[in-house]
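J.: One structure, pasted below without further comment.
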Amino acid sequence: MSDSATRTSVRLLVPGLALIAAAEALVLYSRVAGGDTKGFTWLVAALVAGFSLSGSV
Amino acid sequence: MGAGAVTFVLVVLGSVLRAPFPAVVLQILVAVTAVIFLLRELDVLSFPLLQNARLVPQFVTRIPFWGAVQFGAEMGTGMRTYSPTGLPHIMAVAILFLASWEEALLAGVGFAAARAMMLLTFALARDRMQADTAFSFTLPKMKVLFVVLALPMMALLVIG
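Top line first, the protein sequences correspond to chains A and B. Sequential numbering of the first sequence, starting at 51, is according to my numbering. Sequential numbering of the second sequence, starting at 8, is according to my numbering.
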C-alpha cells in the first residue's frame, strides 16, 4: 500500500479514534477528580473493543 | 439490539456462574483473562480466538425489514464475523463475571456505538475502497494502540 493510501485510510479512522481517546481521557480525569465513572467506564471499554473489531462485517 | 441481547445473556449466565465465588476471585479471573488476551494482541502469545468465523450473508440486505433486523443483530453482536482481535472477548468475560445489569447495558451501548461508527465512516467516506482499506488493513495494524487504549479501561473495570 502506498504512503498516500495509508495516510488517507488513517485519516478515515481518526474521528473514531479521537472520540475514543476523548471519552477515555474524560473517564480518567473524572476518576482522578474523585467522580463516579463506573458505568461510563464500561461504555468506553466496550467502545474500544467494538472499534477494534471494525474490520469485520 | 444485538449487543444488548448478548450482554443480557452474559449477565444472566454470569449471575449463576459468579454466585459461589467471592468478588476478589472474579476480579483475579477477569484480570488474568485480560492479561492473556492483551499479550495475544501484542503477539507475545498465540492462540486461536473462539469465534463463529462466518460473514453476515449478502442476501439479508434484500429482505425487507427483517433483513435489516438480522443485519443489525449480527453486526451488533459481532458474533457472526472474522474477529481480528481478542478485545471483545475480554469484555465478554468482564461482563460475565463483574458487570451489574446497568453496566452490562452500558457496555452493550458502547459496543453497538463502536460498530455503528464503522458504518458511519463507510457512509461518509468519499471513496468506499479507501474506507475498506482503512478497516481491513490499517486498523489491524493498530493493535498496539488498542492495547494502550484498552489497558486503563480494563484496569478500572477490574478494580471497580
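The beta-carbon is built from N, C-alpha and C at its ideal position, and this holds for glycine as well. Bear in mind the structure is a predicted one, so any value in this text is a computation, not a measurement.
1) Does Val56 (chain B) come out as helix, strand or coil in the three-state DSSP assignment?
2) Cβ of Ser104 (chain A) less than 8 angstroms from any chain E Cβ?
3) Looking at chain B, is there any beta carbon in it that lies within less than 8 angstroms of the beta carbon of Ser54 (chain A)?
4) Closer than 8 angstroms by beta-carbon distance: list the chain A residues that pair up with Arg122 (chain B), in chain order.
5) Should the stretch 77 to 95 of chain A be regarded as contacting the stretch 97 to 117 of chain B, the criterion being three or more beta carbon pairs within less than 8 angstroms?
6) Using a threshold of 8 angstroms, state whether the C-beta atoms of Met98 (chain B) and Phe101 (chain A) are closer than that.
7) For the alpha helix (DSSP H) containing Val94 (chain A), list its first residue and its last residue.
8) For Ala99 (chain A) and Ser53 (chain B), what's the separation of their Cα atoms in angstroms?
9) Can you tell me which of the three DSSP states Phe153 (chain B) falls into?
10) Using a cut-off of 7 angstroms between C-beta atoms, extract the partners of Leu82 (chain A) located in chain B.
11) Give the C-beta separation of Arg135 (chain B) and Phe142 (chain B) to the nearest angstrom, bearing in mind that I take them to be a contact with Cβ-Cβ under 8 angstroms.
12) So does Arg135 (chain B) have its beta carbon nearer than 7 angstroms to some heavy atom of the ligand ATP?
13) What is the rounded straight-line gap between the Cα of Val39 (chain B) and the Cα of Pro71 (chain B)?
14) In whole angstroms, what separates the C-alpha of Pro95 (chain B) from that of Gln34 (chain B)?
15) If we cut at 8 angstroms on Cβ distances, does Leu62 (chain A) have a partner in chain B?
16) If you measure between the beta carbons of Ala73 (chain A) and Phe118 (chain B), is that distance less than 8 angstroms?
17) Confirm, please, whether the CB-CB distance from Arg47 (chain B) to Gly93 (chain B) is below 8 angstroms.
18) Which residues in chain B have a C-beta closer than 7 angstroms to the C-beta of Lys75 (chain A)? List them in chain order.
19) Less than 8 angstroms between CB atoms is the rule here; does Phe118 (chain B) satisfy it with respect to chain A?
20) Rank B:Ala12, B:Leu36 and B:Ala101 by C-alpha distance to the C-alpha of Gln77 (chain B) and give the top, closest one.
21) Is Leu76 (chain A) helix, strand or coil when you go by DSSP?
T.: Looking at the coordinates:
1) For the purposes of this step, residue 56 (chain B) is identified with residue 49 of the second sequence, where counting begins at 1. Checking the displayed sequence, the identity of residue 56 (chain B) turns out to be Leu instead of Val. The DSSP-derived three-state label of Leu56 (chain B) is coil.
2) In the structure shown, chain E does not exist; the protein chains are A and B.
3) On the first sequence, residue 54 (chain A) is found 4 positions in, with the first residue counted as 1. Closer than 8 angstroms: no.
4) For the purposes of this step, residue 122 (chain B) is taken as the residue at position 115 of the second sequence. Taking a Cβ-Cβ threshold of 8 angstroms, the residues of chain A close to Arg122 (chain B) are Gly100, Leu103 and Ser104, in chain order.
5) Yes, since at least three Cβ pairs between the stretch 77 to 95 of chain A and the stretch 97 to 117 of chain B fall closer than 8 angstroms, the two stretches touch.
6) To locate residue 98 (chain B), count along the second sequence from 1; it is residue 91. To locate residue 101 (chain A), count along the first sequence from 1; it is residue 51. No, the pair does not count as a contact, with Cβ atoms beyond the cut-off.
7) Counted from its first residue, the first sequence places residue 94 (chain A) at position 44. Going by DSSP, Val94 (chain A) is part of the alpha helix (DSSP H) stretching over Lys88 to Ser102.
8) Residue 99 (chain A) sits at position 49 when you count from the first residue of the first sequence. Residue 53 (chain B) sits at position 46 when you count from the first residue of the second sequence. Near 19 angstroms, if we compare the C-alpha coordinates of Ser53 (chain B) and Ala99 (chain A).
9) Counting from 1 along the second sequence, the entry for residue 153 (chain B) is found at position 146. For Phe153 (chain B), the secondary structure class from DSSP, reduced to helix, strand or coil, is helix.
10) The residue given as residue 82 (chain A) occupies position 32 in the first sequence. Reading off the sequence shown, one finds Val at residue 82 (chain A), where the question assumed Leu. What Val82 (chain A) touches in chain B, judged by beta-carbon distance under 7 angstroms, is nothing: the nearest beta carbon there is about 11 angstroms away.
11) Locating residue 135 (chain B) in the second sequence gives position 128, where the first residue counts as 1. Locating residue 142 (chain B) in the second sequence gives position 135, where the first residue counts as 1. 11 angstroms between Cβ atoms; not a contact.
12) No copy of the ligand ATP appears in this structure; indeed no ligand is present at all.
13) As a position in the second sequence, residue 39 (chain B) is number 32, starting the count at 1. As a position in the second sequence, residue 71 (chain B) is number 64, starting the count at 1. Rounded to the nearest whole angstrom, the C-alpha separation of Val39 (chain B) and Pro71 (chain B) is 45 angstroms.
14) Counted from its first residue, the second sequence places residue 95 (chain B) at position 88. Counted from its first residue, the second sequence places residue 34 (chain B) at position 27. Our two residues, Pro95 (chain B) and Gln34 (chain B), have alpha carbons roughly 17 angstroms apart in a direct line.
15) As a position in the first sequence, residue 62 (chain A) is number 12, starting the count at 1. By this cut-off, Leu62 (chain A) is an interface position.
16) If you number the first sequence from 1, residue 73 (chain A) lands on position 23. If you number the second sequence from 1, residue 118 (chain B) lands on position 111. No, the pair does not count as a contact, with Cβ atoms beyond the cut-off.
17) One-based indexing of the second sequence puts residue 93 (chain B) at position 86. One-based indexing of the second sequence puts residue 47 (chain B) at position 40. With respect to Arg47 (chain B), Gly93 (chain B) sits close: the two C-beta atoms are nearer than 8 angstroms.
18) As a position in the first sequence, residue 75 (chain A) is number 25, starting the count at 1. Checking the sequence shown, residue 75 (chain A) turns out to be Ala, not Lys. Those within 7 angstroms of Ala75 (chain A) in chain B number zero; the least Cβ separation is about 10 angstroms.
19) Translated into the one-based positions of the second sequence, residue 118 (chain B) becomes position 111. Closer than 8 angstroms to the CB of Phe118 (chain B) there is at least one CB belonging to chain A.
20) Here residue 77 (chain B) refers to the residue found at position 70 of the second sequence. Selected option, being the one with the closest Cα: B:Ala12.
21) Against the first sequence, residue 76 (chain A) aligns to sequence position 26. In the structure shown, Leu76 (chain A) sits in a helix (DSSP, three-state: H, G or I).
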